[in-house]
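Asker: Quick one: the structure is below, questions incoming.
Here's what the structure looks like:
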């Protein structure tokens, strides 16, 4: 009889806990007298409009940029790729905040330039902001698909008289449609679960209305709206799972060498995206910092953010270790791992609603840092599991077997062999959880202890109070932390590539 892996028991416990928020929402929603009313239908339509137009906008921006960065030999090509992917590192509510403050009558642009621009708010503003901060999903997935395509088919089409533009539309893009679809669905998921941007742009989507109901003590109605939102999330996750990668054999990628004039035009076309998504927020925060300094800001807010995020990262990687190892031991382990991924599909506002009710039933947890950390762990555990599992799958099992044959106990083999060799994946997973916990807004607003202010919540408070200038320090610190964590991860990936290259050279 085959022994049950030791990792299955803790993994089963984690999987059961991951299901608790959904069960709690179902119990709460049972007290709601009606499932739909006219207001709910309007919220549903607003949410769908935002999601659909965000996906379309991300594709319209991301696909041309993917073609540009994949095939065109631009000066400083890698720098352009990093800059164009950088909006993915910034919370969208930072962009929403700064664009809301910069445009319109009385906005920062009017103060600087003497004339006003159209206001960025309501549904068009929300779509613009979400497009600017989700197009990198499409850029990266599409670029990956394009780089794997063989240029021979393009050359053959060109030889047969097809123009280059038609060749792109009929030969190249149809073969990258899975990458485009995957990126578009990721952009749609992000727009569906985002709270800060619709709230700042004053668009009644599910996330904003759930928060309003929570503040009005309508926990049952918030739970019903949360379940409706989860149904849409589940549909998008299902569609995303059905998108299969291309099985085309990789070949030599296409390379295009533009003229100096064409290069200038391409860079000029890129600039509006970079100006709106990156440089304008940095400029607005910098001017506010110069104008108002750090008035109202306390360094304890940054310490609170760091402390809570570090705790969440530590707990997440500890739980991720058995889950990742169970996933590579058998089918049952993979099923349990998939259940733990449920939390990542649950928007922060939904997780907050469920855990508020749990806190009310368990007074020792309510309004405590522990409950907030639990929310972070539930939400971002899959990030740690994915990193640890990837590192574990690369581990040569013969090393552990050799240690066991030499008399090492399973615990000792794990401590001396498995753990050191998977440490890079553990660190990467912890960094991802730390970054996302630092930026998490709705769950922190709902679950943070009284008086426990973080960078994200302080940014939200000054927005609500209208003291926009005081958002400079937390905004810049959040951007800085995002950049530092991503640099750490990119450095780790670069080292892995170098080590792999050295190993292949030695062979």
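Residue numbers (my numbering): 5 to 511.
Cβ coordinates follow ideal geometry from the N, Cα and C atoms, glycine included.
Given the structure is predicted, the values throughout are model-derived calculations rather than measurements.
1) I'd like to know whether the C-beta atoms of residue 280 and residue 132 end up nearer to each other than 9 Å.
2) Would you tell me roughly how many angstroms separate the C-alpha atoms of residue 428 and residue 420, rounded to the nearest one?
3) Under the three-state reduction of DSSP, which class applies to residue 76: helix, strand or coil?
4) Rounded to whole angstroms, how far is the Cβ of residue 58 from the Cβ of residue 192, which I believe are closer than 8 Å?
5) Residue 460: buried (16+ other C-beta within 10 angstroms of its C-beta) or exposed?
6) Find out if the Cβ-Cβ distance for the pair residue 304, residue 442 is shorter than 9 Å.
7) Can you name, in chain order, every residue of its own chain whose Cβ lies under 7 Å from the Cβ of residue 325, other than the five neighbours on each side?
8) When DSSP labels each residue in this structure, what does residue 583 get in the three-state scheme?
9) Measure from the alpha carbon of residue 517 to the alpha carbon of each residue in 292, 35, 148, 308, then state which is nearest.
10) Is it a yes or a no for the region 350-367 touching the region 214-228, going by three-plus beta-carbon pairs under 8 Å?
11) Tell me which same chain residues have a C-beta within less than 6 Å of the C-beta of residue 127, skipping the five on either side of it?
12) I want to know whether the region 91-107 touches the region 461-480 - three or more CB-CB distances under 8 Å.
13) Pair every Cβ in the region 44-56 with every Cβ in the region 376-388, then say whether three or more of these pairs are closer than 8 Å.
14) Tell me whether the region 434-452 and the region 403-417 touch, counting them as touching only if at least three CB pairs, one residue from each stretch, are closer than 8 Å.
15) Using beta-carbon positions only, say whether residue 244 and residue 177 come within less than 9 Å of one another.
16) By the three-class DSSP mapping on this structure, what secondary structure does residue 305 have?
17) Checking 9 Å against the spacing of the C-beta atoms, do residue 430 and residue 327 come in under that value?
18) Take the Cβ of residue 116 as the centre, count every other Cβ of all protein chains shown within 10 Å, and call the residue buried at 16 or more, exposed below.
19) Can you tell which of 271, 28, 101 has its C-alpha closest to the C-alpha of residue 77?
20) Let me check understanding here. Comparing Cα to Cα, which of 86, 310, 124, 335 lies closest to residue 103?
21) Does the separation of the CB atoms of residue 71 and residue 150 fall below 9 Å?
22) Do residue 425 and residue 447 have their beta-carbon atoms positioned less than 9 Å apart in this structure?
23) Applying the 10 Å Cβ sphere with the 16-neighbour rule, what's the burial state of residue 269?
24) Taking the alpha carbon of residue 263 as the point to measure from, which residue in 79, 47, 31, 318 has its own alpha carbon closest?
25) Taking DSSP as the reference, what is the three-state secondary structure of residue 460?
26) Pick out the complete alpha helix (DSSP H) segments inside the region 157-217, 4 residues or longer, and give them in chain order.
27) Buried or exposed: which applies to residue 198, given that a residue is buried once 16 or more other Cβ atoms fall within 10 Å of its Cβ?
28) If distances are taken between C-alpha atoms only, which option among 35, 478, 433 comes closest to residue 390?
29) In three-state DSSP terms, what is residue 289?
Answerer: In this structure, then:
1) Here the question's residue 280 lines up with position 276 in the chain shown. Here the question's residue 132 lines up with position 128 in the chain shown. Yes, they are a contact pair.
2) The count along the chain shown starts at 1 and reaches residue 428 at position 424. The count along the chain shown starts at 1 and reaches residue 420 at position 416. As the crow flies, the alpha-carbon of residue 428 is around 15 Å from that of residue 420.
3) Taking the first residue of the chain shown as position 1, residue 76 is located at position 72. The answer is strand: DSSP assigns residue 76 an E or B state.
4) Translated into positions along the chain shown, residue 58 becomes position 54. Translated into positions along the chain shown, residue 192 becomes position 188. Indeed they touch by this definition, with Cβ atoms about 6 Å apart.
5) By one-based count along the chain shown, residue 460 stands at place 456. When all chains shown are included, residue 460 counts as buried.
6) By one-based count along the chain shown, residue 304 stands at place 300. By one-based count along the chain shown, residue 442 stands at place 438. No, they are not a contact pair.
7) Indexing the chain shown from 1 puts residue 325 at position 321. Around residue 325: 392.
8) With the chain covering only 5 through 511, there is no way to say anything about residue 583.
9) Here the chain covers residues 5 to 511 and nothing more, so residue 517 does not appear.
10) Contact between the region 350-367 and the region 214-228 is present: three or more C-beta pairs spanning the two stretches fall below 8 Å.
11) Along the chain shown, read from residue 1 onward, the residue named residue 127 stands at position 123. Excluding positions up to five away in sequence, the list reads 207.
12) Yes: the two stretches touch, three or more of their Cβ pairs being nearer than 8 Å.
13) Contact annotation: the region 44-56 does not touch the region 376-388, with fewer than three C-beta pairs closer than 8 Å.
14) Judged by Cβ distances under 8 Å, the region 434-452 makes no contact with the region 403-417, as fewer than three pairs qualify.
15) As a first step, residue 244 must be located in the chain shown, where it is residue number 240. As a first step, residue 177 must be located in the chain shown, where it is residue number 173. Taking 9 Å as the cut-off, the beta carbon of residue 244 is found no closer than this to the beta carbon of residue 177.
16) If you number the chain shown from 1, residue 305 lands on position 301. In the structure shown, residue 305 sits in a helix (DSSP, three-state: H, G or I).
17) Counted from its first residue, the chain shown places residue 430 at position 426. Counted from its first residue, the chain shown places residue 327 at position 323. It is not a contact, given that the beta carbons lie outside the stated cut-off.
18) To locate residue 116, count along the chain shown from 1; it is residue 112. Answer is exposed; the Cβ neighbour count stays below 16.
19) Here residue 77 corresponds to residue number 73 of the chain shown, with the count starting at 1. Of the candidates 271, 28, 101, the residue whose Cα lies closest to the Cα of residue 77 is 271.
20) As a working note, residue 103 is residue 99 in the chain shown. Cα-wise, what sits closest to residue 103 is 124.
21) Residue 71 sits at position 67 when you count from the first residue of the chain shown. Residue 150 sits at position 146 when you count from the first residue of the chain shown. Inclusion of residue 71 and residue 150 in the CB contact set at 9 Å is warranted, their separation being smaller than that value.
22) Counted from its first residue, the chain shown places residue 447 at position 443. Counted from its first residue, the chain shown places residue 425 at position 421. The answer is no: Cβ separation not under 9 Å.
23) By one-based count along the chain shown, residue 269 stands at place 265. Residue 269 comes out exposed.
24) Taking the chain shown and counting its residues from 1, the one referred to as residue 263 is at position 259. Residue 263 has its Cα closest to that of 79, out of 79, 47, 31, 318.
25) Position 456 of the chain shown, counted from the start, is the residue given in the question as residue 460. Correct three-state label for residue 460: helix.
26) Counting whole runs of 4 or more residues, the region 157-217 contains the alpha helix (DSSP H) stretches 168-171, 181-197, 200-204.
27) The residue you call residue 198 lines up with position 194 of the chain shown. Buried: at least 16 other Cβ atoms inside 10 Å.
28) Mapped onto the chain shown, residue 390 falls at position 386. Closest option to residue 390, Cα to Cα, is 433.
29) Here residue 289 refers to the residue found at position 285 of the chain shown. In this structure, residue 289 counts as helix in the three-state DSSP scheme.
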